[in-house]
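Peer 1: Quick note: the sequence shown uses this note's numbering, first residue 7, plus one each step.
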Amino acid sequence: MKVSLTNILYSVLFFGTLTACQSNSYQVTGTIEGAADGDTLFLTSDMEMATPCDTIIVEDGAFSFSGEVDSVRLHMIYSAKRNEINAPFFIERGNIKISLKEQPGTSRVGGTLCNDAWQELNDSVMSIGKEINRIAEHIYGNNISEEEQQKGMAQITLLNKRFADLVVKTTEKHIKNEFGYFLLTYYPDELIDNDARARLIQQLPDEMRQRPAIKQIEERLAATAKTSEGATIPDFSQPAPDGSSLSIMSEVGKKRITIIDFWASWCGPCRQDMPSVIALYNQYKDKGLGIVGISLDNEKDAWVGAIKSLNIPWPQMSDLKGWDNAAALMFNITSIPHTIVVDQKGKVLRRGLRGQELADFVADKLQ
7 MKVSLTNILY SVLFFGTLTA CQSNSYQVTG TIEGAADGDT LFLTSDMEMA
57 TPCDTIIVED GAFSFSGEVD SVRLHMIYSA KRNEINAPFF IERGNIKISL
107 KEQPGTSRVG GTLCNDAWQE LNDSVMSIGK EINRIAEHIY GNNISEEEQQ
157 KGMAQITLLN KRFADLVVKT TEKHIKNEFG YFLLTYYPDE LIDNDARARL
207 IQQLPDEMRQ RPAIKQIEER LAATAKTSEG ATIPDFSQPA PDGSSLSIMS
257 EVGKKRITII DFWASWCGPC RQDMPSVIAL YNQYKDKGLG IVGISLDNEK
307 DAWVGAIKSL NIPWPQMSDL KGWDNAAALM FNITSIPHTI VVDQKGKVLR
357 RGLRGQELAD FVADKLQ
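1. Please report the distance separating the alpha-carbon of Pro5 from that of Thr50.
2. From Thr112 to Pro247, what distance separates their C-alpha atoms?
3. When the distance is taken between beta carbons, is Phe188 closer than 7 Å to Ile134?
4. Are the segment 142-153 and the segment 259-269 in contact at 8 Å, needing three or more beta carbon pairs?
5. Among Asp303, Ile254, Ser256 and Tyr287, which has the Cα closest to the Cα of Gly274?
6. Please classify Ser341 as buried or exposed, where buried requires at least 16 neighbouring CB atoms within 10 angstroms.
7. Three Cβ pairs or more, each shorter than 8 Å: is that satisfied between the segment 238-246 and the segment 280-290?
8. Around the C-beta of Lys314, are 16 or more other C-beta atoms found within 10 angstroms, so that it is buried, or is it exposed?
9. Among His344, Leu197, Thr46 and Asp201, which residue has its Cα nearest to the Cα of Cys276?
10. Are the CB atoms of Ala93 and Val64 nearer to each other than 7 Å?
11. Could you pull the start and end residues of the beta strand (DSSP E) that Tyr84 belongs to?
12. Measure the CB-CB distance between Ile97 and Val131 and report whether it falls below 7 Å.
13. Consult DSSP for Ala365 and reduce its assignment to one of helix, strand or coil.
14. Three or more C-beta pairs under 8 Å: does that hold for the segment 31-44 against the segment 81-95?
15. What residues in its chain sit with their C-beta under 7 Å from that of Val174, if we drop five residues either side in the sequence?
16. Run through the DSSP bridge pairs and tell me what Gly116 is partnered with.
17. So what does DSSP say about Cys59, is it helix, strand or coil?
18. Give every residue of the same chain whose Cβ lies closer than 8 Å to the Cβ of Arg226, excluding the five residues on either side of it in the sequence, and list them in chain order.
19. Work out the CA separation of Ile254 and Lys261 for me, nearest whole Å.
20. Give the secondary structure of Tyr32 by DSSP, where H, G and I count as helix, E and B as strand, and everything else as coil.
21. Going by the beta-carbon positions, is the gap between Thr163 and Gly361 smaller than 7 Å?
22. Considering Cα atoms alone, identify which of Ile104, Glu178 and Ile297 is closest to Val34.
23. DSSP state of Phe169, grouped into three classes?
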């Protein structure tokens, strides 16, 4: 899934209790650029900036607040006048430092274990994200050859892999503390795959392994094994754009290999990837490549409109239930785009390939 890495990070951050412990005090002190005396900052207990749980008043370009905490929690603090001036941070025992900057993405947090670790990770993520955005602007902002476009997509694939490797390594580094637990439980499968997640769970302290979130992950991993590489997918049907019922196995049986492509009209990375997937399809469709799209849309007009505007040539299906799409639930799809490559009998060959990795895999199978 090629997306803004900052958005990936922010989208997976979730306010929640990470651990129960003895009551301890915390003190937050911070500064803010471009704020006047009396300006208001909002504190929210989630990432939506919707319902503030507290307000803080700025004085002399600074602010502070304190309290008691019996767990490690993630909050968002932001300017009431300019919500792009913001910072997600962990409330935990200790002295927490926040520096709110006017330029988006440059605010900083620190002073405690989780906040120091979060800032260190975010610094690395921002560096990778800038490089991805630079390449993406070159690919989509210029009239370049298909060869140059493919080269750029291959570079983005490598950078996305570097990001995923960074997340796994950071999680493993902190697996004995609350920050590692946080990363393990809230990052999507594209960044921590099932094998890595299962391995990391084994490294958790016993107390953390007994928490409900870990039990839920273990149940999900067990269910995912039924559609993992080497398993044979069951047949299922969903409506096609014309209202008829489309069977997945009726399509899979027509080709040597088939890419099951989970996407949606509202998914920016899906739309960005589509030209390269269409090029791959056109290159190998006569050699035995098929693709079936499964949309996680809710609105039929948006779904059908995207198929037409993107000129997608392969069969499509959707029950228009969004993330509750029956196939998405069966395959444990937690982020899109997501591909599942199967052979003519429905055996899962690979999951989660994109960009150059997907192209290389198809070429290896069909050359």
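Don't be surprised by glycine CBs; every beta carbon is placed ideally from N, CA and C.
Peer 2: The structure says:
1. Outside the displayed range of the chain (7 to 373) lies residue 5, so it cannot be described from this structure.
2. Cα to Cα, the separation comes out at about 44 Å.
3. Going by C-beta atoms, Ile134 is not nearer than 7 Å to Phe188.
4. Contact between the segment 142-153 and the segment 259-269 is absent, because fewer than three Cβ pairs lie under 8 Å.
5. Selected option, being the one with the closest Cα: Asp303.
6. It counts as buried.
7. The answer is no - the segment 280-290 does not touch the segment 238-246, with fewer than three Cβ pairs under 8 Å.
8. The residue is exposed, with fewer than 16 neighbouring Cβ atoms inside 10 Å.
9. Looking at the Cα atoms, His344 is the closest of the given residues.
10. The answer is no: Cβ separation not under 7 Å.
11. Run containing Tyr84: Arg79 to Ser85, per the beta strand (DSSP E) assignment.
12. The answer is no: Cβ separation not under 7 Å.
13. Ala365: helix per DSSP, three-state reduction.
14. Contact between the segment 31-44 and the segment 81-95 is present, because at least three Cβ pairs lie under 8 Å.
15. Here the set comprises Ile198 and Ala202.
16. DSSP output for Gly116 lists Lys103 as bridge partner(s).
17. Strand at Cys59.
18. Result list for Arg226: Asn338, in chain order.
19. Near 12 Å, if we compare the C-alpha coordinates of Ile254 and Lys261.
20. Here Tyr32 carries a strand assignment [DSSP, helix/strand/coil].
21. For Thr163 and Gly361, yes; Cβs fall inside 7 Å.
22. Minimum Cα distance to Val34 is reached at Ile104.
23. Helix at Phe169.
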